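Here's the structure we're looking at; comments come further down.
In our numbering, the protein residues as written are 211 to 422.
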């Protein structure tokens, strides 16, 4: 969760990183060996299995198909064949509910609200969520989110938030791929400008004109 959500952000968590060599090692340890074309296969009860997945996304946000292509290439480098399917945004929650969803790429804003509790409850509750976790269970997170809905002392709330944030960071029931950044162009004579990351206010009362 981003620094703009100060109560939920944990600056001590390690940064996300990519480790292709470790990913290849884990796949090989699970029995998936690279074929001549680099895509991994293994012997299953019905014969040779190909490590191939479908990634669903939608073109309503023009950046998503581009990012999906980058993800497709990253997974190819470790031996996973990915077919990108462009469809309606509703295809993702529909296949999620059916239990047939393999991979999905969407846009999810945890900074839409000053407190992301509503979104977290939707995405990481006991039954998962249309745009969140799928077939993932963690009682620690469920219990912490449930407890946060009741009145609590500030220190207890902080501890529960930290538990949720750290568990999601470690287990990655959803994987963050990219972040949006807000940018603003300001005249050099404008004084007192600050940008509200949650876009609730232009903070005009703080602005004054000075000399260049």
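Here a beta-carbon is modelled for each residue, glycine too, at the ideal position from N, C-alpha and C.
Being a predicted model, the structure only gives us computed values, none of them experimental.
{"Check": "Under the three-state DSSP convention, the category residue 410 falls into", "Outcome": "coil"}
{"Check": "Chain B within 9 Å of residue 401, Cβ atoms only", "Outcome": "The structure shown contains no chain B, having only a single protein chain."}
{"Check": "Where residue 258 falls: helix, strand or coil (DSSP)", "Outcome": "strand"}
{"Check": "Residue 318 - DSSP class collapsed to helix/strand/coil", "Outcome": "coil"}
{"Check": "Burial state of residue 364 (16 or more Cβ within 10 Å)", "Outcome": "exposed"}
{"Check": "Nonlocal neighbours in the same chain, by C-beta distance under 8 Å from residue 274, ignoring five residues either side", "Outcome": "267, 268, 315, 316 and 317"}
{"Check": "4 or more residues per run - each alpha helix (DSSP H) lying fully within the segment 283-307", "Outcome": "none"}
{"Check": "DSSP state of residue 384 mapped onto helix, strand, coil", "Outcome": "coil"}
{"Check": "Continuous alpha helix (DSSP H) stretch holding residue 425: start and end", "Outcome": "The shown model of the chain, from 211 to 422, leaves out residue 425, and the question about it has no answer."}
{"Check": "DSSP-derived helix/strand/coil call for residue 271", "Outcome": "coil"}
{"Check": "Alpha-carbon to alpha-carbon, residue 370 and residue 335", "Outcome": "15 Å"}
{"Check": "Paired residues, beta bridge with residue 419 - DSSP", "Outcome": "400"}
{"Check": "CB contact flag (residue 339, residue 332, <9 Å)", "Outcome": "yes"}
{"Check": "Residue 375 (DSSP reduced to helix, strand or coil)", "Outcome": "helix"}
{"Check": "Three-way DSSP call (helix, strand, coil) for residue 245 in this model", "Outcome": "coil"}
{"Check": "Opposing strand residues paired with residue 253 [DSSP bridges]", "Outcome": "258"}
{"Check": "Extent of the continuous alpha helix (DSSP H) run through residue 332", "Outcome": "327-334"}
{"Check": "Supposed contact pair residue 291 and residue 249 - C-beta distance, whole angstroms, cut 8 Å", "Outcome": "5 Å"}
{"Check": "Of the residues 288, 213 and 352, the one placed nearest residue 251, counting alpha carbons only", "Outcome": "288"}
{"Check": "Contact check, residue 355 vs residue 374, beta carbons under 9 Å", "Outcome": "yes"}
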